[in-house]
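Down below is the structure, laid out as structure tokens.
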Amino acid sequence: MYANYAETPEQEQVLQKLEEMFYTTPQWQLHQLCVENNWNLELCVSQWMNFVNNANLREKNKTEADPNPATNHPNKETLQICERYQRIGENIKKGYKVLILMRGPPGVGKTYTAHEIVKTFVDLQSPFDHIEDFIFSADDYFYNSKGVYRYNVKYLSEAHEFNQNRVREKAMSGFSPIIVDNTNLKLWEMMPYVKYAVQNGYTIEIVEPKPSWSKCAGKLAQRNIHGVAAEKIRTMMDKYEKGDVPDLMKVN
């Protein structure tokens, strides 16, 4: 997939991760970004977000004398994605209480994106801080004491209740950021977390990774770590309900 742009498996992995975050950006442009930053993922993310921020400022100041942006400018969807990441990062660094709801089918990159948000924006200098401390998933319920994942649909309700209780306790203590790493395909599935966020003064953000394979059930089945089959993923995707934070506020 990246044969024209990556010379090693490590470089291919960097390109894949960048595509998951900035999925509307052409591969040639991401490749140029990698070369300029010696294939350092964190430097690539930082430089691209700065570039997008500057491009956004240029867009605001654009006059009729310059109706067409340069061809290497990020498109509108990329700007919106990066603006959201930047807003999340600024709020975290300012010490605001932030609750992030991940959305998307298995294999789309929710957990990876959640990890990147923590690594990029959270100060993990304390030896007691771990990336996983900030990420809460119902899947955690199905790991045994040896760290082996044993899913059982009979206990799915208990798993979600377990996760909701953890998030409620963290929200009541003011812990931040809180990242809910579930599929959240229906709006009502997010409502318990929205309730805890509102009650405890949190800013709510929704993050939906949309890489090139986001609508391909077969590819999603290959990439998800829990072995969810393609047919099951298709069924889940059919249940997807569009909406953002303002829509959540209207749900009873």
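When we follow full-length UniProt numbering, the leftmost residue of the sequence shown carries the number 1, and every step to the right adds one. Just so it is clear, CB atoms sit at the ideal spot from N, CA and C, and this is done for glycine as well.
Distance, residue j Cα to residue i Cα
i           : j      : result
Val198      : Ile131 : 24 Å
Ile179      : Phe136 : 6 Å
Lys195      : Ala230 : 33 Å
Glu42       : Glu10  : 14 Å
Lys94       : Arg168 : 22 Å
Asn224      : Tyr202 : 30 Å
Ala217      : His226 : 14 Å
Glu83       : Leu248 : 20 Å
Glu241      : Glu36  : 39 Å
Gln86       : Lys119 : 14 Å
Thr8        : Val45  : 20 Å
residue 253 : Glu12  : Absent from the model: residue 253. The displayed extent of the chain is 1 to 252, so no value can be given.
Arg166      : Gln27  : 39 Å
Arg234      : Ile117 : 28 Å
Thr63       : Ser173 : Interpretation of Thr63 is limited by its pLDDT of 41, a score under 50 that renders its predicted location unreliable; no figure is taken from the coordinates.
Leu99       : Glu90  : 13 Å
Val228      : Tyr96  : 36 Å
Leu33       : Gln222 : 28 Å
Tyr143      : Gly243 : 31 Å
Leu209      : Ile88  : The sequence shown places Pro at residue 209, rather than the Leu named in the question. Approximately 15 Å between the Cα atoms of the pair.
Ile92       : Asp129 : 15 Å
Beta carbon of residue i nearer than 8 Å to that of residue j
i      : j      : result
Tyr193 : Leu124 : no
Ala138 : Asn182 : yes
Asn184 : Met190 : yes
Gly104 : Ser212 : no
Trp39  : Phe22  : no
Lys239 : Lys186 : yes
Gly107 : Leu220 : yes
Ile204 : Val148 : no
Asn163 : Asp133 : no
Per-residue burial, residue i [other beta carbons within 10 Å of its own, 16 or more giving buried]
i      : result
Ser145 : exposed
Ser176 : buried
Lys60  : Only weak support exists for where Lys60 lies, its pLDDT of 47 falling under 50; the coordinates are left without a value.
Thr25  : buried
Val207 : buried
Leu57  : Only weak support is given to the placement of Leu57: the predicted model assigns it a pLDDT of 48, under 50, and the value that follows is read from those uncertain coordinates. Exposed.
Val251 : exposed
- Item | Contact between the segment 105 to 125 and the segment 140 to 160 (3+ Cβ pairs under 8 Å) | no
- Item | Inter-stretch contact (C-beta, 8 Å, three-pair minimum) for the segment 15 to 22 and the segment 111 to 120 | yes
- 3 or more residues per run - each beta strand (DSSP E) lying fully within the segment 74 to 151: 98 to 102
- Query: In chain order, which continuous runs of the beta strand (DSSP E) of length 3 or greater are located wholly inside the segment 168 to 229?
  - Reply: 178 to 180, 203 to 207
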